[in-house]
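Below is one structure, written out as structure tokens; the observations come after it.
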Amino acid sequence: MKKLYLSLPVLFLIYWGCEDEKVDETDPLVGVWDMVTASIEVQSTPVQTLSINADLNNSEIMILAEDGIYSSTGKTNGENYNDSGTWRTTENKLTIMITNGETLILDFLISGTDLTLSKEDTYGDSVWVQPDDYYYEGYWEITTYPCTISIKYTK
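Numbers given in this note's numbering equal positions in the sequence shown, counted from 1, plus 985.
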């Protein structure tokens, strides 16, 4: 009987040590994201790429809260901006519903503490067209090209 009493604490320790581990089910998108770079790649001939590194004139801090609230603050070409709204995900798509009524649907990729958001879009460019030497009145023609907009963030 004395052996049984001595072994009970050991059994309790083993039991408590075998509790189910808690799994963190927080969405990996939840957090505060700092912009690192933004780029646009225009599929023209030749392909054109414009990249902007975060600095004092171009920056963004995006917050995706666990309760589905979205906020973003930063600068574009030195001009301050603020956005807010809600967000949700489906597979690899991040949908942001901004309070001004705009909805953004972006592809996302998370690698460690890095997040890349991207969107396929079109880029329009105006070109002055002068049909021939005898026709002196030209006109502006808008040409559109497919493009990819990407923003990279870190936590």
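Cβ coordinates follow ideal geometry from the N, Cα and C atoms, glycine included.
Quiz item: Got a sec? Which residues, its chain only, sit under 6 Å from residue 962 by beta carbon, not counting five neighbours each side?
Solution: Residue 962 is absent from the structure shown; the chain starts at 986 and stops at 1140.
Quiz prompt | Local conformation of residue 1028 per DSSP, three classes | solution = Translated into the one-based positions of the sequence shown, residue 1028 becomes position 43. It is coil, neither helix nor strand.
Self-check item: beta strand (DSSP E) runs contained entirely in the stretch 1064-1099, provided each spans 3 or more residues
Solution: 1064-1075, 1078-1083, 1088-1096
Quiz item: Thinking just about the alpha-carbon of each residue, which of 1138, 1111, 1131 is nearest to the one in residue 1100?
Solution: Taking the sequence shown and counting its residues from 1, one reaches residue 1100 at position 115. Nearest C-alpha to residue 1100: 1138.
Self-check item: 8 Å CB neighbourhood of residue 1037 in its chain, flanking five on each side removed
Solution: Position 52 of the sequence shown holds residue 1037. Same-chain partners within the cutoff: 1022, 1023, 1024, 1043.
Practice problem: Count the other CB atoms, across all protein chains shown, that sit within 10 Å of the CB of residue 1027; report buried if there are 16 or more and exposed otherwise. | Solution: On the sequence shown, position 42 is the one that residue 1027 refers to. By the 10 Å Cβ count, residue 1027 comes out buried.
Quiz item: Between residue 1126 and residue 1030, what straight-line distance do the alpha-carbon atoms span, to the nearest angstrom?
Solution: Your numbering for residue 1126 matches position 141 in the sequence shown. Your numbering for residue 1030 matches position 45 in the sequence shown. Answer to the nearest angstrom: the Cα atoms are 17 Å apart.
Quiz item: Does the Cβ of residue 1064 have 16 or more other Cβ atoms within 10 Å, making it buried, or fewer, making it exposed?
Solution: Position 79 of the sequence shown, counted from the start, is the residue given in the question as residue 1064. Residue 1064 comes out exposed.
Quiz item: CB residue 1081 to CB residue 1104, shorter than 7 Å?
Solution: Residue numbering aside, residue 1081 sits at position 96 when the sequence shown is read from its first letter. Residue numbering aside, residue 1104 sits at position 119 when the sequence shown is read from its first letter. Against a cut-off of 7 Å, the Cβ pair of residue 1104 and residue 1081 comes out as no contact.
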